[in-house]
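Peer 1:
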Amino acid sequence: MLSGKELGKAIELAINRKLSSGAIKTKAEIARHFKIKPPSIYDWIKKGSISKEKLPELWRYFSDVVGPDHWGLREYPDQEHFSQVSAQIMQDSEASIHNAYQLITDERRAVIDFLLLTDHPAPPWVDSDVRAYVSAMDEKARQWLCGNTPSSKNNKLKKTGT
């Protein structure tokens, strides 16, 4: 298996082949497929740094333009093994979330339950202020996910003292 800059060059070549084949039009499509921000693609190429969990999907995604030898492999590792590892990671993550949920206050649990509600009426304590807070949090998260700093009065530098 390639690593470091060699892996980065292999990723770049695979991307270029995928683009040339017409299967995709932009690197942004790749980023969306892997649920990452476009700058992460450049880190993959520049540093050859990619999460081990993403490797099987990387191999699958580019399998139409490159084979296992492109990645320095004789053959692709057993996908069932990777599926089991992925399932274990997901199970551990879910257990961690469940444990954290059990440790929080009843108030925080009520807020989380409201945020996760789908197709149910909102609890009686939810008023216009709560909806405004949720909208503000959504907007801040959206801007953060897009790599922008949320613009608000609180982020501006303020004078202190005299």
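205 is the number that the numbering used here gives to position 120 of the sequence shown; each next residue is one higher, with no gaps. Backbone N, C-alpha and C fix where the C-beta goes; we use that ideal spot for every residue, glycine too.
#1: Quick check: the Cα distance between ALA226 and LEU104, rounded to an integer number of angstroms?
#2: Given a threshold of 16 other Cβ atoms within 10 Å of its Cβ, counted over all protein chains shown, does ALA54 qualify as buried or as exposed?
#3: Compute the distance between the beta-carbons of GLY157 and LEU87, then report whether it is under 7 Å.
#4: Please classify LYS238: is it buried, with 16 or more other beta-carbons within 10 angstroms of its beta-carbon, or exposed?
#5: What separation, rounded to the nearest whole angstrom, lies between the Cα atoms of ILE174 and GLU142?
#6: Using the three-state DSSP reduction, which class does ALA185 fall into: helix, strand or coil?
#7: Our contact map puts ILE115 next to ILE135 with C-beta atoms below 8 Å; I'd like the distance itself, whole angstroms only.
#8: Am I right that ILE121 and GLU97 are in contact with their C-beta atoms under 8 Å? What's the rounded C-beta distance?
#9: Rounded to the nearest angstrom, what separates SER148 and CYS231 at their Cα positions?
#10: In the structure shown, what three-state DSSP assignment does ALA33 receive?
#11: Report all residues from its chain with a CB closer than 7 Å to the CB of GLY93; omit the five preceding and five following residues, and keep chain order.
#12: What does the alpha-carbon distance come out to for the pair ASP214 and ALA113?
#13: Note down the Cα distance separating ARG216 from PRO162, rounded to an integer number of angstroms.
#14: Whole angstroms are fine: how far does the CA of TRP229 sit from the CA of ARG117?
Peer 2: According to the structure shown:
#1: 31 Å
#2: Because the chain is modelled from 86 through 247, residue 54 falls outside the range shown and cannot be assessed.
#3: yes
#4: Low local confidence applies: a pLDDT of 49 at LYS238 is under 50, so the model's placement there is unreliable, and no value is given.
#5: 15 Å
#6: helix
#7: Not quite, the Cβ-Cβ distance comes to about 12 Å (not below 8 Å), so this is no contact.
#8: Contact doesn't hold; Cβ gap of about 16 Å is too wide.
#9: 29 Å
#10: As shown, the chain starts at 86 and ends at 247. That puts residue 33 outside it, with no answer to give.
#11: TRP129, ILE130, LYS131, LYS132 and GLY133
#12: 37 Å
#13: 48 Å
#14: 16 Å
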